[in-house]
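Take a look at the structure below.
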Amino acid sequence: MATRANALRLVAVLMTCVLTASCSLFGSSPDGANADLERNLLRIGVAQVVDVAPLRIALTEKLFEKHGLQVNLVAQNNDSEAIKQLDTTLDITWASHVSFFREVTLGAQLQLQGEAYQAGPNSMALVTGPTSDYDDPGKRPTPSIAVNNQNDIGYLTTRAVLDTAAVEKGKIKFRDMPFGEMEKALQAGEVDAAFMIEPFITKAQRNIGAKILTDTARGPTLDFPMSGYASSKKFAETNPKTLKAFRDVLREAQQRAQANKLAVQDSLTSYADVDQSTAALVSVGTFPLSLNPIRLQRVADMMDTEDILSGRLDVQGLLPPGTTS
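Using mature numbering (1 follows the signal peptide of the UniProt record, and there is no 0), the letters of the sequence shown map in sequence onto residues -27 to -1, 1 to 298.
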């Protein structure tokens, strides 16, 4: 039987545990569980697209704070430039998988940290002007198509979809321009169609009466993995616990976004330059909950087939150690 002295010593130890929050008997608090993060601040590059809505939801619902992280979302207009800012002004950036994989083949040392978005019906599409008679993908043998970048997802998926419509890939005339300038180009007849993603598709429909020529998430690009998040390998090697915390938050945020598409549409009004009525019409795809190498390999293999990559890229080598699905 414990003596009175022993009992008093036990009480003293327990009180110390409570006061210092260091006693494993009671478990650790959410903040304490992440006290050993290599760093608490993350600078993340984002664009004004539906894909990043879960990050906005995570900020609003303080999911990052619960994991001991402070996050600054930094607006970006160009995938390639955002990737080049890693390890300088950005720690993580959003971009299309096509952009990430192309930069890797050009020498960038990247590690994927999460999938952001997977295409759904009309979440990416070829769009025409309101008076255009271009009403069938195979109608024009040499169409002029606006894309945001000839090394990005628009170029890749447009070639694949028009190929199924018997349009020769070598005869497609691509023209680079920012998404925000495509409405004007369509109205002026400068291009036959423009590859757009949301919310730019819905904005063009409401602003100028644009029409969808074809969904570019069909046939070979059905449910196509569109975008994700990556850091440099250098940052990943020195901050594994911090990035694990980021991936945990991202997964929870993706779950919430997938379960509540209305919350996704509502969040657009805070960052994507759309009003409530426009946001309510935006088509929303899928928010993946994991890094799936088989799904992502599909993108790399199509890039190889379409000669955007010089050879086959093994996507598994870009995932964090131990990631299998």
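Just so it is clear, CB atoms sit at the ideal spot from N, CA and C, and this is done for glycine as well.
Collapsed DSSP secondary structure at residue i in the structure displayed
i       : result
Thr296  : coil
Val77   : helix
Leu(-3) : Low confidence applies to Leu(-3): its pLDDT is 29, below 50, so where it sits in the model is not reliable enough to give any reading.
Val19   : strand
Thr62   : coil
Glu210  : helix
Thr104  : coil
Ser250  : helix
Ser53   : helix
Cross-strand partners of residue i (DSSP beta bridge)
i      : result
Arg148 : Ala119
Ser69  : Ser200
Glu11  : In the DSSP output, where bridge partners are listed per residue, Glu11 has none listed.
Leu188 : A small correction: the amino acid at residue 188 is Asp; Leu does not occupy that position in the sequence shown. Beta-bridge pairing links Asp188 to Ala98.
Ala167 : Val100, Ala119
Distance CB(residue i)-CB(residue j) smaller than 8 Å
i      : j      : result
Ala98  : Met169 : yes
Ala230 : Asp239 : no
Thr78  : Leu282 : yes
Ile185 : Val100 : yes
Residue span of the beta strand (DSSP E) that contains residue i, given as start and end
i      : result
Val272 : Note, Val272: premise wrong, no beta strand (DSSP E); alpha helix (DSSP H) at 266 to 278.
Asn45  : 43 to 48
Glu88  : 83 to 91
Ala26  : Not the beta strand (DSSP E): Ala26 falls in the alpha helix (DSSP H), residues 26 to 33.
Own chain, CB closer than 6 Å to residue i, minus 5 neighbours either side, in chain order
i      : result
Ser250 : none
Val222 : Ala31, Leu36, Phe37, His40
Val19  : Val25, Leu46, Trp67
Val71  : Asp125, Ile126, Leu129
Cut-off 7 Å between Cβ atoms - residues of its own chain near residue i, not counting five sequence neighbours on either side
i      : result
Ala218 : Asn7, Leu10, His40, Gly41, Leu42
Glu225 : Leu36
Cβ neighbours of residue i in the same chain (closer than 8 Å, five flanking residues each side left out)
i      : result
Thr62  : Arg16, Val47
Thr211 : Glu11
Limits of the alpha helix (DSSP H) - the one that residue i falls within
i      : result
Phe260 : Element bounds for Phe260: n/a, residue is neither H nor E.
Gln178 : 173 to 181
Leu235 : 234 to 241
Gly127 : 126 to 137
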